[in-house]
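Convert by adding 2 to the 1-based position in the sequence shown; the result is the number in the numbering used here.
All C-beta atoms in this analysis are idealised placements derived from N, C-alpha and C, irrespective of residue type, glycine included.
First up is the structure itself, then whatever we jot down about it.
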Amino acid sequence: MRTSLINATTLLFLLCSTQALAQQKDYLYYVKTHCDNLIAHGQDTYGDQSNHMLASVIDTRDMSVPQAKVPPTEGTRAHDRAVGGSNFYHDVETIKLFDVLSAITGDEKYENAAQAYATDFLKYCQNPHTGLLAWGEHLYYNFYADSVMVGDLENPRKDIYHEFLAETPPWDYLWKLDTSAVRKAIAGVKYHFRSPTTQSFLFNRHAYWEKIDRNEYRGLAQYQVGGQPWIKHSGLQAYSFAFLYNKTGNAEWKKWAEGSGSLYCNYRNPETNLTVSCIDDPRPIALYPNLSQTALLSYYLLKAGQLHADFNHLQQRAETLLQAAERYSWNKKQASYQQALYLNGTPYGNEFIPVIFTGYGSSDIIQFGRIAAYFCKTTNDEAYRTMVSKVADLILETTWPDSFVINSLGAAAQFSLDAYEILEDDRLLAAVQGYADIGIEKLWSGQLFVRQPGDPYYEAKLGTSQLVAALLRLHLLENRAANRQKSAEAAVTQWSF
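What follows is the structure, encoded as structure tokens:
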């Protein structure tokens with residue numbers, strides 16, 4: 003439920019007053035100190051084999067990488083974390099943050115640390131048979147065991163399977179470091195599919211990281227017993243194949259990109275342009291259109307369309323799907339977005355997408371807002387500006403809760419910065435300053451940002467770098483007049499996830 007805030011003038015006054023109390027140093031201090039400590043204390047000096055990968059979890063009480071027994075935050079699945087090790091996918095924003103920090107400070111140590119991290123990730127985390135990378139939803143590299151694992155040391159699992167996270171794979175960054183490794187990694191994505199010469203492009207969101215035998219790997223043998231080809235994964239795969247086609251010109255990857263990108267359009271209602279969230283999954287969460295899920299597919303299709311002129315139709319498809327999902331999901335009377343719909347566009351149930359949500363299995367409206375902002379900045383279409391305005395109203399009318407996890411705060415700050423750029427509404431800038439103060443006051447340990455108030459752990463999986471990057475954006479924004487060149491340099495970085 004949303005709680006109405008006081009008027010904008012009073013809000014600005016209070017935020018400026020609390021900022022003076024909460025923020026004892028400028029934003030850049032917190033960004034640099036956090037990144038300095040990640041580099042100093044997060045690298046793998048455990049086990050028999052050291053490397054430059056950064057730990058996903060650090061105990062700020064002694065700045066050590068805990069081996070196990072770190073409780074998950076509410077709503078987080080214990081086996082999806084990287085306790086005692088590193089998951090490069092958790093650090094996609096960290097890598098971008100390091101590069102921009104080097105650009106604006108002139109200190110190459112951040113950029114060098116990012117490259118060393120990525121280089122060792124490719125060295126130790128790529129399977130030599132499948133080409134798949136040990137990252138994403140389930141896999142990580144354990145510092146103590148010096149090996150790829152699923153789950154922490156207390157709960158090891160035998161099935162080691164690959165699955166993308168809902169964040170754009172940093173293919174371009176990795177390509178510049180090791181072209182051959184990226185070719186193999188994207189080619190390995192084919193192991194998610196029902197057939198290596200597929201016509202349907204049906205797939206499983208899981209693929210065995212280390213097995214390619216037809217009778218063993220999940221993409222073929224186990225598809226019929228519950229493949230769950232979720233809609234967002236279709237977009238992630240289309241983007242990956244489109245990237246490889248753009249780099250190689252190989253028509254094989256064009257076919258796979260178009261096939262993956264067309265899959266869910268084939269299941270849409272042609273009258274409404276609404277599509278299901280997961281094919282062949284009988285649960286209501288999968289059977290019915292969902293704005294959050296459709297937005298993710300649209301986001302990755304738009305990005306795929308930007309890679310090469312041959313994929314312009316993917317951008318058109320992305321816009322059609324997103325505009326349809328937004329139009330039917332918006333409940334004008336409630337001024338909120340429906341959680342789910344029937345394919346004919348009528349509401350399924352009476353639930354609305356929450357403004358703030360932390361946990362597994364759902365999304366808040368901020369994620370959609372960030373996607374709408376990206377569409378607006380990319381296309382300049384007024385329709386997306388209207389979407390951004392709706393989400394901005396929702397977040398401005400919501401009081402920040404006392405109990406929260408850092409990913410929600412970081413995402414709110416990032417969206418508000420994007421929305422401020424688009425809408426030029428000073429209330430959004432004040433909101434970002436307020437989020438920054440909350441983060442500094444409640445999450446700053448003195449060395450790193452922790453995952454929730456009163457908690458001693460830094461955890462990369464929970465979007466920590468989103469908040470730190472937002473602080474850097476805010477620093478650049480507030481110092482734009484004094485340093486236009488550096489601000490412009492950072493502005494070209496794509497901060498959207």
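### Query
Taking just the CA atoms, how far does Y175 sit from K125?
15 Å
### 6 Å Cβ shell around I233 - same chain, five flanking residues per side excluded
Y266, S279, Q295 and L299
### Query
Helix, strand or coil: how does DSSP classify Y143 here?
strand
### Message
Between which two residues does the alpha helix (DSSP H) holding M389 run?
### Response
E384 to L398
### Query
Taking just the CA atoms, how far does V85 sit from T322?
41 Å
### Query
Residue ranges of each alpha helix (DSSP H) run of no fewer than 4 residues wholly in the stretch 82-110, ordered along the chain?
94-107
### Three-state class that DSSP yields for S66 in the structure shown
strand
### Query
At what residues does the beta strand (DSSP E) containing Y459 begin and finish?
Y459 to E461
### Task
Could you tell me the distance, in whole angstroms, from the CA atom of E76 to the CA atom of G465?
15 Å
### Query
Could you check where the beta strand (DSSP E) with N314 kicks off and where it finishes?
N314 -> not in any beta strand (DSSP E); alpha helix (DSSP H) instead, spanning N314 to S331.
### Query
Taking the C-alpha atoms as reference points, what is the distance between L309 and Q369?
23 Å
### Query
So what's N53 in DSSP terms, helix, strand or just coil?
strand
### the stretch 438-456 in contact with the stretch 28-43 per 3-pair CB rule at 8 Å
yes
### Query
For Q336, does the three-state DSSP call read helix, strand or coil?
coil
#### Entry: When S331, A306 and Y330 are compared against R319, the one with the closest alpha-carbon
Scanning S331, A306 and Y330 for the CA closest to the CA of R319 turns up A306.
### Message
In this structure, how does DSSP classify P455 when only helix, strand and coil are distinguished?
### Response
Reduced to three states, the DSSP call for P455 is coil.
### Message
So the candidates are E480, L445, N268 and D457; which of them puts its Cα closest to the Cα of S534?
### Response
Residue 534 falls outside the range modelled here, since the chain spans only 3 to 499, and no answer is possible.
### Query
Can you give the Cα-Cα distance for S236 and I281, rounded to whole angstroms?
For S236 and I281, the gap between their C-alpha atoms comes out near 11 Å.
### Message
On the DSSP letters alone, give me the boundaries of the beta strand (DSSP E) that S149 sits inside.
### Response
Segment S149 to V152, the beta strand (DSSP E) holding S149.
### Task
Starting from the C-beta of G263, find all residues in its chain whose C-beta is less than 8 Å away, skip the five residues before and the five after it, and write them out in chain order.
S236, G237, A240, A244, L303, A306, F313, L316 and R319
### Task
Taking all protein chains shown into account, decide if P73 is buried (16 or more other Cβ within 10 angstroms of its Cβ) or exposed.
exposed
### Task
Check each candidate in Y459, P458, A462 and L473 and name the one with the smallest Cα separation from A438.
L473
#### Entry: Limits of the unbroken beta strand (DSSP E) element including I60
Where I60 is concerned, the enclosing beta strand (DSSP E) stretches over V59 to D61.
### Message
What would DSSP say about E218, mapped onto helix, strand or coil?
### Response
Since pLDDT at E218 reaches only 46, below the 50 mark, its modelled position is unreliable, and no value is offered.
### Query
Quick one: Cα of T47 to Cα of A147, how far?
12 Å
#### Entry: DSSP-derived helix/strand/coil call for Y266
helix
### Task
Please state whether DSSP places G412 in a helix, a strand or coil.
Helix at G412.
### Query
From Q69 to H43, what does the alpha carbon distance come to, in whole angstroms?
14 Å
### Query
DSSP puts Q45 in a beta bridge; with which residues?
L56
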